[in-house]
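In my numbering, the protein residues as written are 2 to 489. We treat Cβ as the ideally placed atom computed from N, Cα and C, and that holds for glycine. Nothing here was measured: the structure is a model prediction, and the numbers come from that model. First up is the structure itself, then whatever we jot down about it.
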Ligand SMILES: [Zn+2]
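Structure (structure tokens):
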């Protein structure tokens, strides 16, 4: 099946054709490790993760590179603020980022290059640009890209050079020819991290590292370059300018951009103080809930964050799991009967599901199909034989894998919920949690005594018994038909 992807560069949905048959060479802009990763980052990484999983599912080999920006003005400023070395800053936040990617079950990149480990490659690329007349060195020892020399500047963000120029200005102390020119190399101030270069001690600008590292590991041309929509300009525009100026070839072929997360319709930003770290969300919700929330909207659209939304998607997962776990208990001993007519219905669902994702990653549609499958399975549970149920559930789980949801075993889901002090009653199959005979008799005895206390209006003690049972995970409900119990 062919995959259609929206390409920011052409502004169109295009059929994806890789440079090398059945191989996807992809680069995604990784974090600048100067702060904790937040919910906006999570969304972008999850969207790209689903794309990679889709390729894997369809049999593509993935060559995936995601960089770490570990030298930058922001890192140096943070180090000054905290009174520690910039290298300590990057180590601390790299770990926070790494933990988040593991928690969210993101497919790890094949290579995760760091800017500071690629200074020679960066210098070489800057030299090439100077040689070819696309970059110039200032008296200060800074090197700038000469935007005017690259005639296609603005082609990704669809902006006109003159308009852009009118809106830009040269900051004091900058020796630029043109306000849009951007730094490839910056001379460092005393005390800042610096590396030797033909232009004196300094450090790379932000944009050049992605060009140097993507080309080193994926080649001068590769298939997909991704990032958050906020990177289209200037970061990706500049990456294209530098790379194509240096090689004379088309750089990345498909540009994949993920929309931003908003909170009360406002952009997430430091100045608004509305940043929600991934760590905070992981404390309250399991990774599948976060993933399902992140992909419920199409990846190019803005996505609104709220805790209520997370509650909502957690509930949906509980409902889906309730059917899945029940079905799995029913189908335990595979081998009972053949998979008959139902196979066609299941395969039709699979086809619709994959078709949605292959159409520019339409996750909202794919989620609907998956939910319909679970609903259908639930309706058919009494009619299907064990093999059919197993086939159905396995297919649901296989498709869920592409989205990174419905992968938990019953034990794992119980653990994920208990870790966060949440109820498990919504998804645990009815006949799963059974008390031993003796425990059940004891519990009935306690309920009897409690009811006698209530008859004598000793409500305080009766309430205490109920509260104490609740603490150990047993919920009592007083109904018209008497007192009922369930596990929390
Ligand atoms: Zn980048």
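As assigned by DSSP and simplified to three states, the class of residue i
{"i": "residue 385", "result": "coil"}
{"i": "residue 258", "result": "strand"}
{"i": "residue 156", "result": "coil"}
{"i": "residue 377", "result": "helix"}
{"i": "residue 90", "result": "helix"}
{"i": "residue 145", "result": "strand"}
{"i": "residue 489", "result": "coil"}
{"i": "residue 188", "result": "strand"}
{"i": "residue 339", "result": "coil"}
{"i": "residue 421", "result": "coil"}
{"i": "residue 73", "result": "coil"}
{"i": "residue 428", "result": "coil"}
{"i": "residue 333", "result": "coil"}
{"i": "residue 275", "result": "coil"}
{"i": "residue 32", "result": "coil"}
{"i": "residue 207", "result": "helix"}
{"i": "residue 111", "result": "coil"}
{"i": "residue 200", "result": "coil"}
{"i": "residue 67", "result": "strand"}
{"i": "residue 1", "result": "Residue 1 is absent from the model: the chain starts at 2 and stops at 489."}
Local Cβ density within 10 Å of residue i, reported as buried at 16 or more and exposed below that
{"i": "residue 421", "result": "exposed"}
{"i": "residue 289", "result": "buried"}
{"i": "residue 8", "result": "buried"}
{"i": "residue 473", "result": "exposed"}
{"i": "residue 206", "result": "buried"}
{"i": "residue 12", "result": "exposed"}
{"i": "residue 256", "result": "buried"}
{"i": "residue 460", "result": "exposed"}
{"i": "residue 308", "result": "exposed"}
{"i": "residue 80", "result": "buried"}
{"i": "residue 152", "result": "exposed"}
{"i": "residue 188", "result": "buried"}
{"i": "residue 401", "result": "buried"}
{"i": "residue 45", "result": "buried"}
{"i": "residue 266", "result": "exposed"}
{"i": "residue 247", "result": "buried"}
{"i": "residue 73", "result": "buried"}
{"i": "residue 167", "result": "exposed"}
{"i": "residue 439", "result": "exposed"}
{"i": "residue 332", "result": "buried"}
{"i": "residue 105", "result": "buried"}
{"i": "residue 216", "result": "buried"}
{"i": "residue 214", "result": "buried"}
CB of residue i within 7 angstroms of CB of residue j, strictly
{"i": "residue 20", "j": "residue 312", "result": "no"}
{"i": "residue 282", "j": "residue 269", "result": "no"}
{"i": "residue 306", "j": "residue 368", "result": "no"}
{"i": "residue 230", "j": "residue 258", "result": "yes"}
{"i": "residue 477", "j": "residue 467", "result": "yes"}
{"i": "residue 108", "j": "residue 52", "result": "no"}
{"i": "residue 135", "j": "residue 143", "result": "no"}
{"i": "residue 262", "j": "residue 40", "result": "yes"}
{"i": "residue 71", "j": "residue 116", "result": "yes"}
{"i": "residue 130", "j": "residue 241", "result": "no"}
{"i": "residue 1", "j": "residue 287", "result": "Nothing can be reported for residue 1, as the shown portion of the chain is limited to 2 through 489."}
{"i": "residue 260", "j": "residue 302", "result": "yes"}
{"i": "residue 354", "j": "residue 411", "result": "no"}
{"i": "residue 448", "j": "residue 484", "result": "yes"}
{"i": "residue 110", "j": "residue 279", "result": "no"}
{"i": "residue 272", "j": "residue 244", "result": "no"}
{"i": "residue 463", "j": "residue 471", "result": "no"}
{"i": "residue 374", "j": "residue 397", "result": "yes"}
{"i": "residue 49", "j": "residue 192", "result": "no"}
{"i": "residue 25", "j": "residue 56", "result": "yes"}
{"i": "residue 403", "j": "residue 58", "result": "yes"}
{"i": "residue 322", "j": "residue 293", "result": "no"}
{"i": "residue 161", "j": "residue 208", "result": "no"}
{"i": "residue 186", "j": "residue 120", "result": "no"}
{"i": "residue 300", "j": "residue 362", "result": "yes"}
CB contact check: residue i to chain B, cutoff 7 angstroms
{"i": "residue 341", "result": "Annotation note: the requested chain B is absent from the structure, which comprises a single protein chain."}
>> Run the Cβ filter for me: residues under 6 angstroms from any heavy atom of ligand 1, listed in the order they occur in the chain.
In response: 30, 211 and 236
>> Three Cβ pairs or more, each shorter than 8 angstroms: is that satisfied between the segment 214 to 231 and the segment 139 to 157?
In response: No, because fewer than three Cβ pairs between the segment 214 to 231 and the segment 139 to 157 fall closer than 8 angstroms, the two stretches do not touch.
>> Three or more C-beta pairs under 8 angstroms: does that hold for the segment 47 to 67 against the segment 371 to 385?
In response: No, they do not touch.
>> Counting beta carbon pairs with one atom in the segment 381 to 392 and one in the segment 348 to 366, are three or more of them shorter than 8 angstroms?
In response: no
> Do the segment 177 to 187 and the segment 87 to 98 touch if we need at least three Cβ pairs shorter than 8 angstroms?
Replying inline: no
> Is the number of C-beta pairs between the segment 29 to 46 and the segment 81 to 96 that are closer than 8 angstroms three or more?
Replying inline: yes
> If you pair each beta-carbon of the segment 165 to 174 with each one of the segment 11 to 30, do three or more pairs fall below 8 angstroms?
Replying inline: Touching, no, given that fewer than three Cβ pairs across the two stretches are closer than 8 angstroms.
> Counting pairs of Cβ atoms below 8 angstroms between the segment 120 to 127 and the segment 196 to 213, do you hit three or more?
Replying inline: yes
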